[in-house]
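Asker: Just so we're aligned, residue 64 is where the sequence shown starts under this note's numbering, counting upward by one.
Got a structure for you, questions after.
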Amino acid sequence: MPGVPSTLNAAAYDVSGMRENTPTTWPNGSFDLSLSSIGCSLPTGRRSEMLENWLKDVRHRASASGYMVGVPTCYAQLQEPNEDDMLEPRPLSPGSIDPMRKEFLYRLAIAFGVSGAWSSPTVGLMREVDNGSAALIRLATSTPNPSDFPEFADDFVKALQGIQITVAQESQEPQESQEHKSYLDSLENFVFQLFKVRVEHSILQLQQLFQRHRAQIEDLISVMMGAFDNVPEACDTTTRRHLIALIILVRVLDNPFRIPPNDAIYTEDELQGMMKESQRLCKNNQAHLALKAVIGPSLGDLICKHICELAHPRRCIDSFVRCARTFRSFANVSLDLGLPADMSPLPPPSLLQSAPDTHLGPKPSASVKNFDEGCMYPVSTRTKPCKEATKKSLGPAHEYLSPADRDTGPGYLECAKQDALTLIEALQDSQAPKPTSSAYYVFGFSTCTTEDEIQKLGDLYKVILTHAPSKIPVFSDLCQALDRHRLAQFFDRGGWESFRCELPHLERFIEKPIEERESVYRLVQFLRVKEGTDDDTDPTACGGRNLIRDYGFHRCKTRKQVEVLKEIYSRALEKLNVLDLHQACIDMQLHITIMSAGVLLDPEHRRLLENQGPLPDLGYEKIVSSFTFDQGLFKRGKKKDRAARRIW
64 MPGVPSTLNA
74 AAYDVSGMRE
84 NTPTTWPNGS
94 FDLSLSSIGC
104 SLPTGRRSEM
114 LENWLKDVRH
124 RASASGYMVG
134 VPTCYAQLQE
144 PNEDDMLEPR
154 PLSPGSIDPM
164 RKEFLYRLAI
174 AFGVSGAWSS
184 PTVGLMREVD
194 NGSAALIRLA
204 TSTPNPSDFP
214 EFADDFVKAL
224 QGIQITVAQE
234 SQEPQESQEH
244 KSYLDSLENF
254 VFQLFKVRVE
264 HSILQLQQLF
274 QRHRAQIEDL
284 ISVMMGAFDN
294 VPEACDTTTR
304 RHLIALIILV
314 RVLDNPFRIP
324 PNDAIYTEDE
334 LQGMMKESQR
344 LCKNNQAHLA
354 LKAVIGPSLG
364 DLICKHICEL
374 AHPRRCIDSF
384 VRCARTFRSF
394 ANVSLDLGLP
404 ADMSPLPPPS
414 LLQSAPDTHL
424 GPKPSASVKN
434 FDEGCMYPVS
444 TRTKPCKEAT
454 KKSLGPAHEY
464 LSPADRDTGP
474 GYLECAKQDA
484 LTLIEALQDS
494 QAPKPTSSAY
504 YVFGFSTCTT
514 EDEIQKLGDL
524 YKVILTHAPS
534 KIPVFSDLCQ
544 ALDRHRLAQF
554 FDRGGWESFR
564 CELPHLERFI
574 EKPIEERESV
584 YRLVQFLRVK
594 EGTDDDTDPT
604 ACGGRNLIRD
614 YGFHRCKTRK
624 QVEVLKEIYS
634 RALEKLNVLD
644 LHQACIDMQL
654 HITIMSAGVL
664 LDPEHRRLLE
674 NQGPLPDLGY
684 EKIVSSFTFD
694 QGLFKRGKKK
704 DRAARRIW
């Protein structure tokens, strides 16, 4: 709307996220937050300390700047506040927040936290200025990525402002104003876009649950309709009606005569109907009690979990509209990511501040290629080279070895030293290690989600290794840290604690022993193997014996099918978080999760997304079951395949 100002910035406030099962209390005891809902990777004591410090810092700085602070939440495990007292605004006392504004900030954190990239504590902050005629709203999250801030969020701001302005200007009822309706539609579209993937995923889950437990669901419908005169006391008539309506809406999706839309999984009417019924059911816990009473607590809890997921969009919209209509400050709103500049802590030292002016570009390194071919494996059958040959093959990396190791060929060194030398060789050519090398995996490059993060991680290692006073001790420390899974402490000792901010997924990975790591990072490694190389269709080239089994490559009979499957996963990871894909793997629901993310699949390709399970080591590097792959998928290498085709 012309004349409606709006701002949308992305100044990030970076603190690493955390995960553990210890309850933590917000200062002054205003709410409880379970750390089990927070997706991160610090050691147990460190996680608690960092989360507590982050929450205290946010509240302290917000209070000093006059901001109201909402309830921190994480979409992975929502804790609904009591909504009985959230309908009427109250006068504000200094440092307080009324229930309606509190719910608005809480719902705002939920709406923006629905993305997998925001699976960390998210807090809404609000400040009214100019005598209550303008509102400054901010979202602070512990692991932000400004690129993940929805680019269409400006529409959200304009919709809030438009709703308040039309309410103030129109003498007629807001529902009769076409302009008011257009702003409501814009707000609904924005919220639905944020939740669409999760909503479709929950509907797919309900479909599968209803199919697997068909008899129990039919019994539930019979009981709800009073067929046996034993309707649970907790289930009133309204709850029964909405519960039956939701079950019928889901069951209709399995109708063989249903014609799905061409470019989506569900129609708009189907989505809206299920979300509205779910919202009505979530107004109290009677639906939950009724489900548990009829079909048991286990299945009842599972169904209610997805019903709550479906209810979030409508509940967020109701809260946003209620506040936009009530408070005149919403006529002039700004929405920003992170704490304001005047209340942000000093920024951590940049990983690039001491790095030389280099770039980890795509140009391959011939020296690294030759080096990898000779030293990627811990056991070598070659004779030990002479000192001169070793020095020549290693080049400048030779200076990092102790005198005893300099007399030994690279292939005879311990695995950690081989990987460290591979890293050094690559960094000296301003490259990241090749994805087919062990160094790419063990040093955490698979956890980088963007080229910028790969650049930062490479520069971090390069600065530490090249700026050390003595090369032999720093190389020895690096190898020991790698071997003992203590790279995070290695960075801390060098004063590079800021890696947790700039590389938020790294610590969770490097702190774990290899057998406890998720095999999805092997998948990421394999997807980054350059096309046209001899290894681009061989998952075993990236190590990880469980990768083939976990992600369906064992179902590929041709190299073309491997390429198709890689393309599917590449498109899926553009929309999904890596750990969401891992969860889908261990749940044996890869194709459902990928389709719910909006990736269209040909029917003949869906079978490729069926992994082998259930197995105790499914989704992890640890090898427990006998169903694994030691050899490649194809008997002949790619070169031999091409030669055979030429012969024929």
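All C-beta atoms, glycine included, are put in the ideal place defined by N, C-alpha and C.
Evaluate contact between the stretch 607-622 and the stretch 669-687, counting only Cβ atoms and requiring at least three cross-stretch pairs below 8 Å.
Answerer: Yes, the stretch 607-622 touches the stretch 669-687.
Asker: Helix, strand or coil for V230 per DSSP?
Answerer: V230 falls in the helix class under three-state DSSP.
Asker: Applying the criterion that 16 or more other CB atoms from any shown protein chain within 10 Å of the CB defines a buried residue, is F320 buried or exposed?
Answerer: By the neighbour-count rule (16 or more Cβ atoms within 10 Å), F320 is not buried but exposed.
Asker: Is Y130 near M189, with beta carbons less than 8 Å apart?
Answerer: In contact: Y130 and M189 (Cβ atoms closer than 8 Å).
Asker: The alpha helix (DSSP H) with R377 in it runs from where to where?
Answerer: Where R377 is concerned, the enclosing alpha helix (DSSP H) stretches over P360 to T389.
Asker: I'd like to know whether the C-beta atoms of E574 and H548 end up nearer to each other than 8 Å.
Answerer: Result yes, Cβ atoms of E574 and H548 sit closer than 8 Å.
Asker: So, helix, strand or coil for V583, using DSSP?
Answerer: Note: V583 maps to helix in three-state DSSP.
Asker: For L664 and chain D, any beta-carbon pair shorter than 8 Å?
Answerer: Judged by its chain identifiers, the structure shown contains no chain D, having just a single protein chain.
Asker: Quickly, what does DSSP pair V505 with across the bridge? List them, please.
Answerer: According to DSSP, which records beta bridges pairwise, V505 is partnered with nothing at all.
Asker: Three or more beta-carbon pairs under 8 Å between the stretch 617-631 and the stretch 581-601, yes or no?
Answerer: Yes, they touch.
Asker: Assuming the contact rule is C-beta atoms closer than 8 Å, V505 and L545 should be a hit. Round their C-beta distance to whole Å, please.
Answerer: The pair is a contact, with the Cβ atoms about 6 Å apart (cut-off 8 Å).
Asker: Using DSSP with H/G/I as helix, E/B as strand and the rest coil, what is E673?
Answerer: Of the three classes helix, strand and coil, the one that applies to E673 here is coil, per DSSP.
Asker: Could you check if G558 is buried or exposed, using at least 16 other CB atoms within 10 Å of its CB as the buried criterion?
Answerer: Classification of G558: exposed, given that the 10 Å Cβ count is below 16.
Asker: List the endpoints of the continuous alpha helix (DSSP H) containing I657.
Answerer: Residues L653 to S659.
Asker: Please classify T656 as buried or exposed, where buried requires at least 16 other C-beta atoms within 10 Å of its C-beta.
Answerer: With 16 or more other Cβ atoms within 10 Å, it is buried.
Asker: DSSP state of S397, grouped into three classes?
Answerer: DSSP places S397 in strand when its eight states are reduced to three.
Asker: With a cut-off of 8 Å on the beta carbons, I'd call P498 and R591 a contact; round off their distance for me.
Answerer: Going by Cβ atoms, the distance from P498 to R591 rounds to 4 Å, so yes, they are a contact pair.
Asker: Run the CB neighbour count on G195, radius 10 Å, all protein chains shown included, and call it buried at 16 or more, exposed below.
Answerer: G195 is exposed by the Cβ-count criterion.
Asker: Look at A387 and C345 and say whether their C-beta atoms are less than 8 Å apart.
Answerer: It is not a contact, given that the beta carbons lie outside the stated cut-off.
Asker: If you follow the alpha helix (DSSP H) that S573 is in, where does it begin and where does it stop?
Answerer: The question names Ser, but residue 573 in the sequence shown is Ile. Run containing I573: L569 to I573, per the alpha helix (DSSP H) assignment.
Asker: Give the range of the beta strand (DSSP E) segment to which A198 is assigned.
Answerer: Per DSSP, A198 belongs to the beta strand (DSSP E) from A197 to T204.
Asker: Kindly list the residues whose CB is nearer than 7 Å to the CB of L272, restricted to its own chain and excluding five residues on each side of it in sequence; keep chain order.
Answerer: Within the same chain, L272 has close Cβ partners L365 and I366.
Asker: Out of V262, L267 and V132, which one is the CA nearest neighbour of I200?
Answerer: Closest by alpha carbon: V132.
Asker: According to the neighbour-count rule (16 or more other Cβ atoms, all chains shown, within 10 Å of its Cβ), is T510 buried or exposed?
Answerer: Buried, because 16 or more other Cβ atoms sit within 10 Å of the Cβ of T510.
Asker: Assuming F255 contacts P162 under a Cβ cut-off of 8 Å, what Cβ separation, rounded to an integer in Å, is found between them?
Answerer: About 26 Å; that fails the 8 Å criterion.
Asker: Which whole-angstrom value is the C-beta distance of R618 and E673, which I expect to be below 8 Å?
Answerer: That belief holds up - the Cβ atoms of R618 and E673 are roughly 7 Å apart, short of 8 Å.
Asker: Which of the three DSSP states, helix, strand or coil, is assigned to L696?
Answerer: Three-state result, L696: coil.
Asker: Tell whether a beta-carbon distance below 8 Å holds between L523 and V384.
Answerer: Not closer than 8 Å, so no.
Asker: If you check the beta carbons only, do L642 and L636 fall under 8 Å apart?
Answerer: Taking 8 Å as the Cβ cut-off, L642 and L636 do not qualify as a contacting pair.
Asker: Helix, strand or coil for R608 per DSSP?
Answerer: Coil, per DSSP.
Asker: Just to confirm my understanding: we take R261, look at its own chain, exclude 5 residues before and 5 after, and list those with CB closer than 7 Å. What are they?
Answerer: Correct list, in chain order: V177 and E372.
Asker: Compare the Cα-Cα distances from A278 to each of L362, C564 and D120 and report the closest residue.
Answerer: Residue L362 is the option with its Cα nearest to A278.
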